[in-house]
């Protein structure tokens, strides 16, 4: 079945990435339907972030193809992906410390700026109407994430949880069709993770979401489909229920047969405090 027939927004086929003699990804496939939530899980070093970097245009695969809305796309840079309708967050937030919260979000609106957000921030462009509209859009995004009152502060002056909201606002301000979330629950409290789960459900009304996350409770709560990587290969795909019951997934996380009474991995007790870092 082709990507068009299947209704996939994004389709990755046989994605292989090699760094010298090291194979980081080996013939990995991934299908993302519109308004779906897909989880990427696996032990540390499984290749999740490498795949994310391929999907977002940060890294070119050694082999394999990406299809966007049924059309094969060539290797591209990250800003090309952004203009196509793909946006992402980063593990380290990647907020610009010297820019205000508002200007950080304006940077994320590059997709809708004729001269690019950089020209607006530096004054090198002459798109004054764009500047006004983008700042209005950025402020509206901050308001929707509950941080508009901090628009003129520097990110470093905000608590970490609020910085996360700024990063989400920046990723969503351009109204992407696909949102890539790289460990969005890291560093958050239990209540903040609950709020994040609600946000992801809200996102999926308008866009597809691909989520890399170690917080198994969050993944199982919000994902329609899960792909499990181990040593750069896909070892399992399925619904949350299917992944919970898959012995190969348990072995990848635990190094033991299914049924081992450990608290880590896809069957982790979310209240045990040990399920966040497999």
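Numbering (this note's numbering), first residue to last: 26 to 303.
A virtual CB, placed ideally from N, CA and C, is assigned to each residue, including glycine.
The beta carbons of residue 245 and residue 203 sit about 22 Å from each other, so the pair does not count as a contact at 8 Å.
Taking a contact as a CB-CB distance under 8 Å, the pair residue 257 and residue 72 counts as one, their CB atoms being some 4 Å apart. Taking residue 84 as reference, the option from 120, 117, 60 and 43 with the minimal CA-CA separation is 43. In the three-state reduction of the DSSP assignment, residue 177 falls in the coil class.
Taking a cut-off of 8 Å on C-beta distances, the region 108-123 touches the region 187-200, as three or more cross pairs fall below it. The Cβ atoms of residue 254 and residue 234 lie no closer than 8 Å to each other.
Looking only at 80, 68, 175 and 70, the smallest Cα-Cα distance to residue 55 is reached by 80. Take residue 125, set aside five residues on each side of it, and the residues of its chain with a beta-carbon closer than 6 Å to its own are 177, in chain order. Distance between residue 226 and residue 247, taken at the CA atoms: about 7 Å.
Non-local beta-carbon contacts of residue 68 in its own chain, meaning distances under 8 Å to residues more than five positions away in sequence, involve 255, 277, 278 and 303 in chain order. Contact check for residue 51 and residue 41: beta-carbon distance about 6 Å, within the 8 Å limit, so the pair qualifies. Using a Cβ distance threshold of 8 Å, residue 74 and residue 237 count as a contacting pair. For residue 227, the enclosing alpha helix (DSSP H) begins and ends at 215-228. DSSP places residue 133 inside the alpha helix (DSSP H), whose first and last residues are 126-133.
Among the bridge pairs identified by DSSP, residue 255 is matched with 258. Within the same chain, and ignoring the five residues on either side of residue 262 in sequence, the residues whose Cβ sits closer than 6 Å to its Cβ are 252.
Of all alpha-carbon atoms in 188, 217 and 194, the one lying nearest the alpha-carbon of residue 112 is that of 194. Residue range 185-197 is occupied by the alpha helix (DSSP H) that includes residue 189.
When the alpha-carbon of residue 49 is set against those of 213, 117 and 76, the nearest one is in 76. Of all alpha-carbon atoms in 260, 186 and 63, the one lying nearest the alpha-carbon of residue 117 is that of 186. Taken through DSSP and simplified to helix, strand or coil, residue 74 comes out as helix. For the 8 Å CB-CB criterion, residue 190 and residue 120 do not form a contact. DSSP lists 40 as the beta-bridge partner residues of residue 53. Each of 37, 272 and 250 was checked against the Cα of residue 63, and the nearest Cα belongs to 250.
As the crow flies, the alpha-carbon of residue 239 is around 18 Å from that of residue 267. The alpha carbon of residue 58 has as its nearest neighbour, out of 37, 259 and 270, the alpha carbon of 37. By the neighbour-count definition (other C-beta atoms within 10 Å, threshold 16), residue 123 is an exposed residue. Of the candidates 39, 95 and 66, 39 places its Cα closest to the Cα of residue 87.
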